[in-house]
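Chains as they are written, first to last, in the working numbering: chain A, 216 to 455; chain B, -9 to 527.
Ideal Cβ placement from N, Cα and C applies to all residues, glycine included.
Since the structure is predicted, the reported quantities are computational estimates derived from the model, not experimental observations.
Worksheet for the structure shown next.
Below is the structure:
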């Protein structure tokens, strides 16, 4: 596994209106092949950090680099190698699943043969193929989540950013997604995701960061963080 | 360029009713789409009929040469107003913002494509005016065959500049609001201030043009449109192109439109993410301490929910509040400057006095306060949150009663107050004034219930952003356009009848008619609600 840094956050801070710092001086680094868990309670600043990484949220303090490119100064270079799956994906509801996936494939300029193969692979894996011709508005939350996941994998990103990816997924799909994450990492993709499901994070991640009231309170490899305890114990201790 | 094409295709597909019709297996949804399309076609036909009758009027009195000016100004005005109200929610703070911006699209491409999509959506309105006016012009002026295709093509270009100007104003408002803690409120206040400024500008322009002292009102109207076109260059270019085939005007219209488009979206692109980040984020104070709570009846709790929904959405607030503010401003103008001054300004020397205009007071106020009814969009506005209402043990009739109560409470006091102010200005008798207030309130009751009928019958829950239902929704359009035309007709009719019969009798008759219409609409709402049952079916 190579050691190339794919995502680097340096002293990132974000204040919302009213001068309350939602995120305060966050620094972390995600290398290729990492599955990096980002853990914190509700409102700790996870989504604020993730939205800044993917270029959706403007920020003034700090620097975020993806594959060596600045999110602020070279957003296009960053977005070309990143895929983002929000916690509650707002897809185009009046498109069919296949229309939406083709739209994403067009955005990333994926040739027809490759896109067909990738869509088939992942749609079969998530047992979604037969529903791809239906309007997304008719999908359940989990099905929408699956479409968002397939759309994120269609261009084989270097960095996969997921916000609470397991919410709404059935156990089988959760298992498949974990498998996909491992498969991507073995190919050198870096995965960065937020979650509340600590036992999943503990089994899945090789690195983890715990964020509390906008500040990183612990970060490092799973072993360094837990020191022989469970992640749940470590997290609750950090929260006190 | 390629990314723009890809995004445009996706935006068009995502809002295409045909796409939904093709792929949905829900028969009810298919029927609703057909109903919506028929409703829209009727509205386009009405607009065309209105424009054709206007061009016939111009033709009959020998002013057909002024039809291109009128057409250009109508299209430009409509494009400007429609865009100004839609900018927030369409260009900024739209629902799929996160998804689109996280993809490798330049911010200016996203903003530009959203603009073009808005332009395509509005095109049937512009073309309804254009084609109707073109027919009138063609018939009366016996124009050469080349004028027709040129007219059609230039009519498509004509809305671009006013839409860009409105978008730029929306951008400035969004940019200023983004710097404040209470973004929504600042945005609403700035928009309203701007609209009031535009409203007053109309009088200033009229005043400037009035200096030439043309005698006949209709000739004066034609002179005014010609003069305004002199100030507004795109209209002038359009007229020169279709009247004289001026190649320079054609090139100028096309070139300026393209250059302004590129310029605007280069500027917008620079601060697009910053503005949207501010508009879409809300600071939480987390200072709440548990206090004693109040209980409400089901109907008033639904009405209160509507109130909270309104103040949480700039689009809702601006669209609902604009009529109230305009009615109050107009009534204050009547009160401060006097009825005769207003009549002189608006009617441009037509033989009309305050006494003959008094029967129209309730309709003048209702033209503003009845311009929209929140009940036309609130059923659709439930959107994805419809499960909250539908999963509760609530009868749908109570839900709609709550929505109607909110609309009534919103518009009835403003209507009553505005009527009282104008009645004072017109020195109307106490009896007349009381009857006008009752008539105004009866009209609000009617608009509340009729709006709700439109809202239920053309309910759309799978919208992308609230502009889709508040400003563009079929229910809103079906309520709004015929209502405006009918109310304008009623103003004229009430003045006409008021000259021939007792004002008291006329008011009583109109009150009975308005209450009957309100009652019929209310019964219809209850029937539609019963069909929905508890909302679980």
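Exercise. Are the CB atoms of residue 121(B) and residue 228(B) nearer to each other than 8 Å?
Worked result: Mapped onto the second chain, residue 121(B) falls at position 131. Mapped onto the second chain, residue 228(B) falls at position 238. Contact: no.
Problem set entry | Beta-carbon separation (whole angstroms), residue 405(B) vs residue 430(B), contact threshold 8 Å | In the second chain, residue 405(B) corresponds to position 415, counting from 1. In the second chain, residue 430(B) corresponds to position 440, counting from 1. Indeed, because the Cβ distance is near 4 Å, the residues count as touching under 8 Å.
Exercise. The beta strand (DSSP E) spanning residue 436(A) covers which residue range?
Worked result: In the first chain, the residue the question calls residue 436(A) occupies position 221. Unbroken beta strand (DSSP E) run through residue 436(A): 430 to 436.
Exercise. In chain A, which residues lie less than 9 Å from residue 9(B) when you measure between Cβ atoms?
Worked result: For the purposes of this step, residue 9(B) is taken as residue 19 along the second chain, with counting starting at 1. Under the 9 Å cutoff, chain A gives 309, 310, 311, 314, 350.
For this session: Determine, using beta-carbon pairs with one atom in the segment 291 to 309 of chain A and one in the segment 363 to 373 of chain A, whether at least three such pairs fall under 8 Å.
Result: yes
Exercise. Considering only C-alpha positions, which residue in the set 13(B), 39(B), -7(B), 2(B) is nearest to residue 471(B)?
Worked result: Within the second chain, the letter at position 481 stands for residue 471(B). Of the candidates 13(B), 39(B), -7(B), 2(B), the one whose C-alpha sits nearest the C-alpha of residue 471(B) is 39(B).
Problem set entry | Selection from 71(B), -5(B), 500(B) that minimises the alpha carbon distance to residue 99(B) | Stepping through the second chain from its first residue, residue 99(B) is reached at position 109. Considering only alpha carbons, the answer is -5(B).
Exercise. Cβ of residue 407(A) less than 8 Å from any chain B Cβ?
Worked result: Translated into positions along the first chain, residue 407(A) becomes position 192. For residue 407(A), the answer is no, since every Cβ of chain B falls outside 8 Å of its Cβ.
Exercise. Any C-beta of chain B sitting closer than 8 Å to the C-beta of residue 239(A)?
Worked result: Counting from one through the first chain, the residue named residue 239(A) turns up at place 24. With 8 Å as the cut-off, residue 239(A) does not count as an interface residue toward chain B.
Exercise. Roughly how many angstroms separate the alpha carbons of residue 344(B) and residue 442(B), rounded to a whole number?
Worked result: Position 354 of the second chain, counted from the start, is the residue given in the question as residue 344(B). Position 452 of the second chain, counted from the start, is the residue given in the question as residue 442(B). Residue 344(B) and residue 442(B): Cα-Cα distance of roughly 35 Å.
Exercise. Should residue 313(A) and residue 286(A) be called a contact, given that it needs their Cβ atoms to be closer than 8 Å?
Worked result: For this step, residue 313(A) is matched to residue 98 along the first chain. For this step, residue 286(A) is matched to residue 71 along the first chain. No, Cβ-Cβ distance for residue 313(A) and residue 286(A) is not below 8 Å.
Exercise. Candidates 138(B), 160(B), 112(B): which alpha carbon is nearest residue 149(B)'s?
Worked result: For this step, residue 149(B) is matched to residue 159 along the second chain. Nearest of 138(B), 160(B), 112(B) to residue 149(B), Cα basis: 112(B).
Exercise. Around the C-beta of residue 341(A), are 16 or more other C-beta atoms found within 10 angstroms, so that it is buried, or is it exposed?
Worked result: Here residue 341(A) is taken as the residue at index 126 of the first chain, counted from 1. Buried, because 16 or more other Cβ atoms sit within 10 Å of the Cβ of residue 341(A).
Exercise. Residue 306(A) touches chain B at which residues, Cβ-Cβ below 8 Å?
Worked result: To locate residue 306(A), count along the first chain from 1; it is residue 91. Simply 86, 89.
For this session: Could you tell me which chain A residues have their CB closer than 9 Å to the CB of residue 603(B), listed as they occur along the chain?
Result: Residue 603(B) is absent from the structure shown; chain B starts at -9 and stops at 527.
For this session: Would you please verify whether the beta carbon of residue 178(B) is less than 8 Å from any beta carbon of chain A?
Result: Translated into positions along the second chain, residue 178(B) becomes position 188. No, residue 178(B) does not count as interfacial toward chain A.
For this session: Pair every Cβ in the segment 259 to 267 of chain A with every Cβ in the segment 416 to 427 of chain A, then say whether three or more of these pairs are closer than 8 Å.
Result: yes
Problem set entry | Other residues of its chain near residue 83(B): CB distance less than 7 Å, five sequence neighbours each side excluded | If you number the second chain from 1, residue 83(B) lands on position 93. Within the same chain, residue 83(B) has close Cβ partners 266, 269, 270.
For this session: Closer than 7 Å by C-beta to residue 328(B): which residues in its own chain qualify, once you throw out the five before and the five after it? Chain order, please.
Result: Here the question's residue 328(B) lines up with position 338 in the second chain. Counting only Cβ-Cβ distances below 7 Å, and skipping sequence neighbours, we find 415.
Exercise. Considering only the beta carbon of each residue, do residue 140(B) and residue 232(B) sit closer than 8 Å?
Worked result: Start at 1 with the first residue of the second chain, and residue 140(B) comes out as number 150. Start at 1 with the first residue of the second chain, and residue 232(B) comes out as number 242. In this structure, residue 232(B) lies closer than 8 Å to residue 140(B) by Cβ.
Problem set entry | Check: residue 313(B) C-beta below 7 Å from any heavy atom of the ligand GDP | As for the ligand GDP, it is missing from this structure, which has no ligand bound.
Exercise. For a contact meaning CB atoms closer than 9 Å, what does residue 299(A) contact in chain B?
Worked result: Here residue 299(A) corresponds to residue number 84 of the first chain, with the count starting at 1. Under the 9 Å cutoff, chain B gives 88, 89, 92, 93.
Exercise. Per DSSP, residue 284(A) forms a beta bridge with which residues?
Worked result: Taking the first residue of the first chain as 1, we reach residue 284(A) at position 69. Beta-bridge pairing links residue 284(A) to 281(A).
Problem set entry | Reduced DSSP secondary structure (H/G/I, E/B, other) of residue 50(B) | The sequence position of residue 50(B) within the second chain is 60, counting from 1. Note: residue 50(B) maps to helix in three-state DSSP.
Exercise. Relative to the C-alpha of residue 474(B), which residue among 2(B), 33(B), 9(B) is closest?
Worked result: As a working note, residue 474(B) is residue 484 in the second chain. Taking only the C-alpha atoms, the option nearest residue 474(B) is 33(B).
Exercise. Would you say residue 220(A) reaches chain B, if we count a Cβ-Cβ gap shorter than 8 Å as a contact?
Worked result: Here the question's residue 220(A) lines up with position 5 in the first chain. For residue 220(A), the answer is no, since every Cβ of chain B falls outside 8 Å of its Cβ.
For this session: Closer than 6 Å by C-beta to residue 461(B): which residues in its own chain qualify, once you throw out the five before and the five after it? Chain order, please.
Result: Translated into positions along the second chain, residue 461(B) becomes position 471. Closer than 6 Å at Cβ, skipping near neighbours: 75, 76.
Exercise. Would a C-beta distance cut-off of 8 Å place residue 93(B) and residue 361(A) closer than the cut-off?
Worked result: As a first step, residue 93(B) is located in the second chain; it is residue number 103 there, counting from the start. As a first step, residue 361(A) is located in the first chain; it is residue number 146 there, counting from the start. No, these two residues do not count as a Cβ contact at 8 Å.
Exercise. Is residue 96(B) close to chain A, meaning its C-beta is less than 8 Å from at least one C-beta of that chain?
Worked result: For the purposes of this step, residue 96(B) is identified with residue 106 of the second chain, where counting begins at 1. Chain A contact via Cβ: present.
For this session: For residue 321(A), go through chain B and note every residue whose CB falls closer than 7 Å to its CB, in chain order.
Result: In the first chain, residue 321(A) corresponds to position 106, counting from 1. Chain B residues near residue 321(A): -4.
Exercise. Hey, how far is the Cα of residue -7(B) from the Cα of residue 42(B)?
Worked result: Numbered from its first residue, the second chain carries residue -7(B) at position 3. Numbered from its first residue, the second chain carries residue 42(B) at position 52. Their backbone Cα atoms lie some 41 Å apart in a straight line.
Problem set entry | Three-state class that DSSP yields for residue 226(A) in the structure shown | Residue numbering aside, residue 226(A) sits at position 11 when the first chain is read from its first letter. Correct three-state label for residue 226(A): strand.
Problem set entry | Nearest-angstrom Cα separation, counted from residue 459(B) out to residue 450(B) | Stepping through the second chain from its first residue, residue 450(B) is reached at position 460. Stepping through the second chain from its first residue, residue 459(B) is reached at position 469. Straight-line Cα distance between these residues: approximately 7 Å.
Problem set entry | C-beta atoms of residue 306(A) and residue 351(A) nearer than 8 Å | As a working note, residue 306(A) is residue 91 in the first chain. As a working note, residue 351(A) is residue 136 in the first chain. Their beta carbons are under 8 Å apart, which means residue 306(A) touches residue 351(A) by this criterion.
For this session: Tell me whether residue 426(B) sits in a helix, a strand or coil according to DSSP, three-state version.
Result: The residue given as residue 426(B) occupies position 436 in the second chain. Helix.
For this session: Could you list the residues in the segment 480 to 510 of chain B with a C-beta less than 8 Å from some C-beta on chain A, going in chain order?
Result: none
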